[in-house]
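Report on the structure given below.
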Amino acid sequence: MNSKRPVNLDLGKFHFPLPAITSILHRISGIIIFVGVAFMLYGLQLSLSGEEGFSRVSELLDSFLAKLIVWGILSALLYHLVAGIKHLLMDMGIGEELESGRLAAKITIVVSVILIVLAGVWVWA
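All residue numbers for the sequence shown refer to the working numbering, where the first residue is -11 and numbers rise by one.
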């Protein structure tokens, strides 16, 4: 038996390239959207139940925590949209090379950050 095998994996040693990170974030944002839609649909159902339900949802959405959650779900949706467009372009053969893949990942991050900041301004305005 080889005694030089690592006992524990040091995840700090692994450095993923930016295209891999954007792809992983695309999957994570999809999970956030999936979970967030359940809460948003519950809020929609409650607001459509009548005037009392609508006022309850309206009061709830005025809180800081609710705005933060809505902004988080909206941020995940916007990132997922931008990264999804990048993946569609790659499926068409655009940006499959190493350099163009890195550039596409950088563009994905920049466009997503701009949209997420604009969404934050919209949510808290």
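Glycine included, C-beta positions come from ideal geometry on N, C-alpha and C.
Proximal residues to residue i (C-beta, below 6 Å), its chain only, five neighbours per side dropped
i	result
residue 96	10, 70, 71 and 74
residue 61	24
residue 42	35
residue 103	66
residue -5	none
residue 31	45
Residue i versus the options, residue with shortest Cα-Cα distance
i	options	result
residue 100	83, -4, 65 and 40	65
residue 107	49, 77 and 63	63
residue 28	49, 15 and -4	49
residue 14	113, 76, 39 and 109	76
residue 8	113, 90 and 105	90
Sequence-distant residues of the same chain with beta carbon closer than 8 Å to residue i, five excluded per side
i	result
residue 4	12
residue 54	48
residue 88	82
Under 8 Å between C-beta atoms of residue i and residue j
i	j	result
residue 111	residue 58	yes
residue 68	residue 17	yes
residue 94	residue 6	yes
residue 78	residue 84	yes
Same chain only: Cβ atoms within 7 Å of residue i, ignoring 5 sequence neighbours per side
i	result
residue 82	none
Segments assigned beta strand (DSSP E), at least 3 residues, entirely inside the region 34 to 93: Listed in chain order, there is nothing to give.
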